[in-house]
Amino acid sequence: DAKTTQPTSMDCAEGRAANLPCNHSTISGNEYVYWYRQIHSQGPQYIIHGLKNNETNEMASLIITEDRKSSTLILPHATLRDTAVYYCIVRVANSNSGYALNFGKGTSLLVTP
Amino acid sequence: EAGVAQSPRYKIIEKRQSVAFWCNPISGHATLYWYQQILGQGPKLLIQFQNNGVVDDSQLPKDRFSAERLKGVDSTLKIQPAKLEDSAVYLCASSPGGNTIYFGEGSWLTVV
């Protein structure tokens, strides 16, 4: 699996957009970009994933550069409940047997009042 | 929809003792995972099951860790004998296949 690089920590003011970057310069053509987050004392939670195109759901937007070597997760209006560790993961998706995620250390996002 | 259930939530044992964790995945999910998360690190995959078969156990320390999913539904993870470095959160997760994995809240183990 391609390796990802994320900043160790970031701050964001409540109500502002949180933009979390991820570098994955060795990503292969069949690897997806996944984002999960982990709120303190809870298990990781799926946020969004994408292959080439930008994606948006009710939680966030995912912007993938044209060369696919980096991506940005955008939380459009961060709230205090968005304080968590955010993991960017690249992985081949296998719909037959599922897939395993290999987590790095992620980015610790602190949303402040 | 009920989530992934894990028990016990917290466990404290002495080194060289044994411990077992139980996981009940979301109904109908064929794939089940056990992850280990040491404080300050991201989760690390220990073992992946597809129904009752093992897909990947390359990172499971087999001299002391074992896991089973006999009927292809719930699963147990056992550690015997425990070491101090086994202190961690043990996360169970399940997936119906495809792109989303659902995690339980984890079982917190402290080895003293």
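For the protein sequence lines, the chains are E and S, in the order given. Position 60 (the first sequence) corresponds to 60 in the working numbering; numbering is contiguous. In the working numbering, each number is its position in the second sequence, counted from 1, plus 1000. Note that CB positions come from ideal geometry on N, CA and C, so glycine has one too.
Given a threshold of 16 other Cβ atoms within 10 Å of its Cβ, counted over all protein chains shown, does residue i qualify as buried or as exposed?
i       : result
E:H49   : buried
E:V111  : buried
E:L109  : buried
E:V92   : exposed
S:G1053 : exposed
S:S1058 : exposed
E:A13   : exposed
Cβ closer than 7 Å: which chain E residues qualify as neighbours of residue i?
i       : result
S:Q1041 : K105
S:G1106 : G43
S:T1100 : Y46
List, in chain order, every chain S residue whose beta-carbon is nearer than 8 Å to that of residue i.
i     : result
E:G50 : None at all; the shortest Cβ gap to chain S is about 10 Å.
E:Y87 : G1042
Which same chain residues end up closer than 8 Å to residue i when comparing Cβ atoms and leaving out the 5 residues on each side of it in sequence?
i       : result
S:S1007 : F1021, W1022, S1107
E:F103  : Y36, P44, Y87, I89
S:V1019 : K1011, I1013, K1078, I1079, Q1080, A1082, L1109
S:I1026 : E1001, A1002, G1003, V1004, S1094, P1096, Y1102
E:M10   : A18, L20, T107, S108, L109, L110
List the residues that DSSP assigns as beta-bridge partners of residue i.
i       : result
S:L1032 : S:F1049, S:S1094
E:V33   : E:G50, E:V90
S:F1065 : S:I1079
E:R59   : Rather than Arg, the amino acid found at residue 59 of chain E in this sequence is Met. None; E:M59 has no bridge partner.
E:A18   : E:L75
If you drop the 5 nearest sequence neighbours on each side, which residues of the same chain put their C-beta closer than 6 Å to that of residue i?
i       : result
S:I1101 : A1093, S1095
S:I1047 : W1034, D1057, L1060, A1067
E:I39   : A84
E:M59   : I47
Can you find the residues in the same chain that come closer than 7 Å, C-beta to C-beta, to residue i, ignoring five residues on each side of it along the sequence?
i       : result
S:G1097 : A1030, T1031
S:S1087 : L1109, T1110, V1111
E:D82   : A18, L75, L109, V111
Run down chain S in chain order and give the residues with a C-beta less than 7 Å from the C-beta of residue i.
i      : result
E:A100 : Y1033, L1045, Q1048, D1056
Residues of chain E with CB under 9 Å from residue i, in chain order?
i       : result
S:L1091 : G43, P44
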